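One structure below.
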Amino acid sequence: MALNKQALKQGIVALQQEMMQKTEADYNYYAERLATLIDAFVKSGMVTVQAGIPVSTAGSPTAQTGATTSTGTGTIS
1 MALNKQALKQ GIVALQQEMM QKTEADYNYY AERLATLIDA FVKSGMVTVQ
51 AGIPVSTAGS PTAQTGATTS TGTGTIS
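Numbers 1 to 77, taken from the UniProt record's numbering, label the letters of the sequence shown in order.
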């Protein structure tokens, strides 16, 4: 799933409108809500990793296990 910039923008605007209705500033509340919006935005993205990461395997030909042996490069969409 692609990152939804519009939803993040709407969430920030809603938070700002909510903060304007408060009679006293609450910076901790604002920071917590904003951090939650950003966290949800980033976690909504899909990470695609390039094919071809080298692996090392062990086990019989029909039951192998393995792990990557180098770092892969990914992109968030």
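Cβ coordinates follow ideal geometry from the N, Cα and C atoms, glycine included. As the structure is a computational prediction, the values presented were derived from the model and not from experiment.
Enumerate in chain order the residues of its own chain whose CB-to-CB distance from residue i is below 6 Å, with the five nearest sequence positions on each side excluded.
i	result
F41	L8
G59	T65
Apart from the five residues on each side of it in sequence, which residues of its chain come closer than 8 Å, Cβ to Cβ, to residue i?
i	result
A67	V55, S56
Would you list the residues sitting across from residue i in a DSSP beta bridge?
i	result
G66	T57
Mind pulling the beta strand (DSSP E) runs of 3 or more residues that sit fully within the segment 6–40? none
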